[in-house]
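Chemist:
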Ligand code: HEM
């Protein structure tokens with residue numbers, strides 16, 4: 001009854017039971033066990049345990065840990081990005097949310113804050129990963145114009161709101177296991193996006209308050225070099241990822257856009273890197289620029305990680321050079 | 001538009017980058033049967049970083065202690081011949097790390113046949129290995145070289 005199991009856990013996520021995954025008992029940060037004791041075994045041949053019968057089904061009785069295992073390695077889920085999908089900060093990757101293995105479910109809640117000269121971006125949402133195969137996500141994105149709103153003639157503090165519902169399916173490849181080939185982990189995703197400011201979007205030249213993005217991501221971990229590389233191809237009509245609606249007076253067709261990320265693992269817990277993301281520029285009144293960032297993501301453990309970045313989103317609604325500090329906190333299992 | 005050529009180039013790069021992947025996939029499955037243990041790491045830098053034979057032996061003793069007491073997987077080793085397991089693991093790690101050892105144990109598929117091991121078991125064991133390498137003060141870059149050798153064994157070890 002897998003479906004019942006993951007429903008139960010999705011529900012658990014919804015009520016914020018983030019420590020649902022108490023299952024991964026061995027704490028990543030646990031102090032090394034006494035090596036002194038062990039080394040005494042070196043010379044004297046230890047007696048092999050022969051009495052007990054092998055019990056491959058020892059874990060057969062059903063318990064929470066059967067479907068919440070937090071069984072994947074640290075940082076291998078990436079972090080929740082600005083669109084709610086697992087990836088880097090700005091880009092989507094082929095990784096699936098949560099630390100679940102193929103036998104379990106996982107998930108995350110995240111809050112992201114980006115402070116720009118002319119705007120404040122807030123982003124909060126959650127995602128579930130099912131069997132390290134399917135990712136479902138929801139995030140609410142807010143672009144708070146603050147004093148810039150007055151200058152744009154829409155009123156101080158006017159806030160653009162957007163809901164993004166995403167689904168991603170891992171097609172093939174495994175980020176960690178496939179170290180003996182060039183095969184990356186590959187996933188396809190779809191994101192339904194709804195801008196709540198339809199009338200204003202339209203006044204600005206957008207054609208639609210709703211849009212759907214399609215993307216394919218390939219993520220490769222080169223463990224030998226401690227490098228993780230992602231390339232993503234996205235078909236989108238979104239203006240500023242949908243905050244300003246979809247399509248526009250200049251263009252109302254799907255455009256292929258590129259997202260690229262490179263990360264370097266300094267330790268198992270800490271990855272630093274950079275990302276680049278191209279953007280369509282569909283609106284005549286305000287050119288959109290490509291985005292980039294440099295980031296550091298730190299996993300305290302499998303329950304909690306923090307991402308710090310410098311992000312540069314270029315020009316947003318005629319206000320140029322929108323760059324600043326990006327902070328994201330993510331909790332999950 | 002100035003940006004168009006850049007975009008076109010990036011998009012092309014993505015497409016080109018994904019082309020050899022189909023090929024890579026084919027070779028992966030073909031080579032899987034031969035994943036008994038893998039080839040030794042080149043050079044002796046990694047071997048030295050593991051503190052050579054004495055370090056590998058210490059690490060393996062620590063590792064066997066961890067995996068047989070880790071509540072996630074300890075049950076898997078009930079009834080196992082730990083003397084033999086320790087002996088074979090020392091040989092295998094030493095061989096993979098390009099030490100002066102030969103591995104004459106079973107290939108990974110045969111060794112774990114019928115155990116119904118899952119990815120969660122494999123990953124738990126990998127985490128224990130990380131801790132053992134930390135305990136042996138193996139630097140991260142060198143740890144990654146061994147992990148890169150062990151990771152693909154998942155294809156042979158995990159059957160469920
Ligand atoms: C990369 C991962 C792994 C490596 C390199 C590895 C290596 C080995 C080796 C060298 C042997 C001895 C083969 C022989 O007797 O000739 C062995 C046996 C065994 N392994 Fe693994 N193994 C791995 C993963 C696992 C996992 C995930 C489990 C279970 C959680 C496991 C459980 C066992 C057991 C129970 C035996 C049999 C011990 C006996 O002889 O009674 N192994 N493994």
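Protein chains in written order, with our numbering: chain A, 1 to 333; chain B, 1 to 160. C-beta: ideal position from N, C-alpha, C; glycine also. Please read all numbers here as calculations on a predicted model, not as lab measurements.
#1: Measuring straight from C-alpha to C-alpha, what distance separates residue 223 of chain A and residue 147 of chain B?
#2: Do residue 322 of chain A and residue 308 of chain A come within 8 Å of each other at the CB atom, strictly closer than that value?
#3: Mind listing, in chain order, the continuous beta strand (DSSP E) runs of no fewer than 3 residues lying wholly within the region 133 to 176 of chain A?
#4: Cβ closer than 9 Å: which chain B residues qualify as neighbours of residue 177 of chain A?
#5: Quick one: using the 10 Å Cβ neighbour count with 16 as the cut-off for buried, is residue 264 of chain A buried or exposed?
#6: Alpha carbon to alpha carbon, how far is residue 128 of chain B from residue 66 of chain B? Give it in angstroms, no decimals.
#7: Are three or more beta carbon pairs between the region 291 to 310 of chain A and the region 118 to 134 of chain A nearer than 8 Å?
#8: With a cut-off of 8 Å, does the C-beta of residue 104 of chain B fall near any C-beta of chain A?
#9: Should the region 68 to 81 of chain A be called in touch with the region 89 to 109 of chain A, which here means at least 3 C-beta pairs below 8 Å?
#10: Measure from the C-beta of residue 93 of chain B to each C-beta in chain A and report whether the shortest distance is under 8 Å.
#11: Taking contact to mean 3 or more Cβ pairs, one atom from each stretch, closer than 8 Å, check whether the region 51 to 62 of chain B and the region 72 to 81 of chain B are in contact.
#12: Flag residue 42 of chain A as yes if its beta-carbon sits less than 8 Å from any beta-carbon of chain B, otherwise no.
#13: Sorry if obvious, but does the Cβ on residue 80 of chain B come closer than 7 Å to a heavy atom of the ligand HEM?
#14: Does the region 196 to 204 of chain A come within contact of the region 268 to 281 of chain A, defined as at least 3 CB pairs closer than 8 Å?
#15: With residue 284 of chain A and residue 249 of chain A assumed to form a contact (beta carbons below 8 Å), what rounded beta-carbon distance in angstroms separates them?
#16: On the criterion of 16 or more Cβ atoms from any shown chain inside 10 Å, does residue 256 of chain A qualify as buried, or is it exposed?
#17: Would you verify that the beta carbon of residue 227 of chain A is, or is not, closer than 8 Å to some beta carbon of chain B?
#18: Who are residue 306 of chain A's beta bridge partners in DSSP?
#19: Which residues in chain A sit within 8 Å of residue 142 of chain B, going by Cβ to Cβ distance?
#20: For residue 126 of chain B, return the contacting residues in chain A, with the cut-off set at a CB-CB distance below 9 Å.
#21: For residue 137 of chain B, does the count of other Cβ atoms within 10 angstroms reach 16, so buried, or fall short, so exposed?
#22: Evaluate residue 266 of chain A with the Cβ neighbour count: other Cβ atoms within 10 Å of its Cβ, from every protein chain shown; 16 or more gives buried, anything less gives exposed.
#23: Taking CB distances under 8 Å as the criterion, tell me whether residue 78 of chain A reaches chain B.
#24: Pick helix, strand or coil for residue 111 of chain A, following the three-state DSSP scheme.
#25: Give a yes or no on whether the C-beta atoms belonging to residue 262 of chain A and residue 221 of chain A are separated by under 8 Å.
#26: With a 10 Å radius around its C-beta and 16 neighbouring C-beta atoms as the bar for buried, classify residue 311 of chain A as buried or exposed.
#27: For residue 158 of chain B, which of B:126, B:48, B:52 has the nearest alpha-carbon?
#28: Residues of chain B with CB closer than 7 Å to the CB of residue 269 of chain A, please, in chain order.
#29: Examine the ligand HEM and report whether any of its heavy atoms sits within less than 7 Å of the Cβ of residue 92 of chain B.
#30: Could you tell me which residues DSSP puts in a beta bridge with residue 47 of chain B?
#31: Taking the DSSP output, what are the residues bridged to residue 273 of chain A?
#32: Taking only runs that begin and end inside the region 55 to 95 of chain A, name each unbroken alpha helix (DSSP H) of 4 or more residues, in chain order.
#33: Who does residue 241 of chain A pair with in a DSSP beta bridge?
#34: What residues of chain A sit near residue 145 of chain B, judged by a beta carbon separation below 9 Å?
#35: Is residue 112 of chain A close to chain B, meaning its C-beta is less than 8 Å from at least one C-beta of that chain?
#36: Helix, strand or coil for residue 152 of chain B, going by three-state DSSP, please let me know.
Modeler: In this structure, then:
#1: The sequence position of residue 223 of chain A within the first chain is 223, counting from 1. The sequence position of residue 147 of chain B within the second chain is 147, counting from 1. Cα to Cα, residue 223 of chain A sits roughly 8 Å from residue 147 of chain B.
#2: Along the first chain, one-based indexing puts residue 308 of chain A at 308. Along the first chain, one-based indexing puts residue 322 of chain A at 322. No.
#3: 134 to 144, 159 to 172
#4: One-based indexing of the first chain puts residue 177 of chain A at position 177. Per Cβ cutoff of 9 Å: 119, 122, 151, 152, 153, 154, 155, 158.
#5: Position 264 of the first chain, counting from 1, holds the residue named residue 264 of chain A. Residue 264 of chain A comes out exposed.
#6: Start at 1 with the first residue of the second chain, and residue 66 of chain B comes out as number 66. Start at 1 with the first residue of the second chain, and residue 128 of chain B comes out as number 128. Each residue's alpha carbon lies about 6 Å from the other.
#7: no
#8: Along the second chain, one-based indexing puts residue 104 of chain B at 104. No, no contact with chain A.
#9: yes
#10: As a first step, residue 93 of chain B must be located in the second chain, where it is residue number 93. Answer no: the Cβ-Cβ gap between residue 93 of chain B and chain A never drops below 8 Å.
#11: no
#12: Position 42 of the first chain holds residue 42 of chain A. Confidence is the limiting factor: at residue 42 of chain A the pLDDT is only 34, short of 50, which leaves the residue's position unreliable, though a coordinate-based value still follows. Judged by the 8 Å Cβ criterion, residue 42 of chain A is in contact with chain B.
#13: By 1-based counting over the second chain, the position of residue 80 of chain B is 80. Indeed, a heavy atom of the ligand HEM lies less than 7 Å from the Cβ.
#14: no
#15: Taking the first residue of the first chain as position 1, residue 284 of chain A is located at position 284. Taking the first residue of the first chain as position 1, residue 249 of chain A is located at position 249. The Cβ separation is near 5 Å, so the contact holds.
#16: Looking up residue 256 of chain A in the first chain gives position 256. Its Cβ being crowded by 16 or more others within 10 Å, residue 256 of chain A is buried.
#17: The residue you call residue 227 of chain A lines up with position 227 of the first chain. Closer than 8 Å: no.
#18: Within the first chain, the letter at position 306 stands for residue 306 of chain A. Answer is A:298, A:329, bridged to residue 306 of chain A.
#19: Along the second chain, one-based indexing puts residue 142 of chain B at 142. Correct list: empty, because the minimum Cβ distance to chain A is about 11 Å.
#20: Here residue 126 of chain B refers to the residue found at position 126 of the second chain. In chain order: 73, 176.
#21: As a working mapping, residue 137 of chain B is identified with position 137 in the second chain. When all chains shown are included, residue 137 of chain B counts as exposed.
#22: Translated into positions along the first chain, residue 266 of chain A becomes position 266. Looking at its Cβ environment, which holds fewer than 16 other Cβ atoms inside 10 Å, residue 266 of chain A is exposed.
#23: Within the first chain, the letter at position 78 stands for residue 78 of chain A. Chain B, which has no Cβ nearer than 8 Å to the Cβ of residue 78 of chain A, makes this no.
#24: In the first chain, residue 111 of chain A corresponds to position 111, counting from 1. Residue 111 of chain A falls in the strand class under three-state DSSP.
#25: Position 262 of the first chain, counted from the first residue, corresponds to residue 262 of chain A. Position 221 of the first chain, counted from the first residue, corresponds to residue 221 of chain A. For residue 262 of chain A and residue 221 of chain A, no; Cβs fall outside 8 Å.
#26: Indexing the first chain from 1 puts residue 311 of chain A at position 311. It is buried - the Cβ of residue 311 of chain A has at least 16 other Cβ atoms within 10 Å.
#27: Along the second chain, one-based indexing puts residue 158 of chain B at 158. Comparing Cα-Cα distances from residue 158 of chain B to each of B:126, B:48, B:52, the minimum goes to B:126.
#28: Walking along the first chain from the start, residue 269 of chain A turns up at place 269. Those do not exist, as residue 269 of chain A stays about 10 Å from chain B at its closest Cβ, beyond 7 Å.
#29: Position 92 of the second chain, counting from 1, holds the residue named residue 92 of chain B. Yes, the Cβ of residue 92 of chain B comes within 7 Å of a heavy atom of the ligand HEM.
#30: As a first step, residue 47 of chain B must be located in the second chain, where it is residue number 47. In the DSSP output, where bridge partners are listed per residue, residue 47 of chain B has none listed.
#31: For the purposes of this step, residue 273 of chain A is taken as residue 273 along the first chain, with counting starting at 1. In the DSSP output, where bridge partners are listed per residue, residue 273 of chain A has A:263, A:295.
#32: 64 to 67
#33: Counting from 1 along the first chain, the entry for residue 241 of chain A is found at position 241. Answer by DSSP bridge pairing: none, since residue 241 of chain A is not bridged.
#34: For the purposes of this step, residue 145 of chain B is identified with residue 145 of the second chain, where counting begins at 1. Going along chain A in sequence order, the residues near residue 145 of chain B (Cβ under 9 Å) are 223, 224.
#35: Position 112 of the first chain, counting from 1, holds the residue named residue 112 of chain A. No, no contact with chain B.
#36: For this step, residue 152 of chain B is matched to residue 152 along the second chain. If DSSP states are grouped into helix, strand and coil, residue 152 of chain B belongs with the helices.
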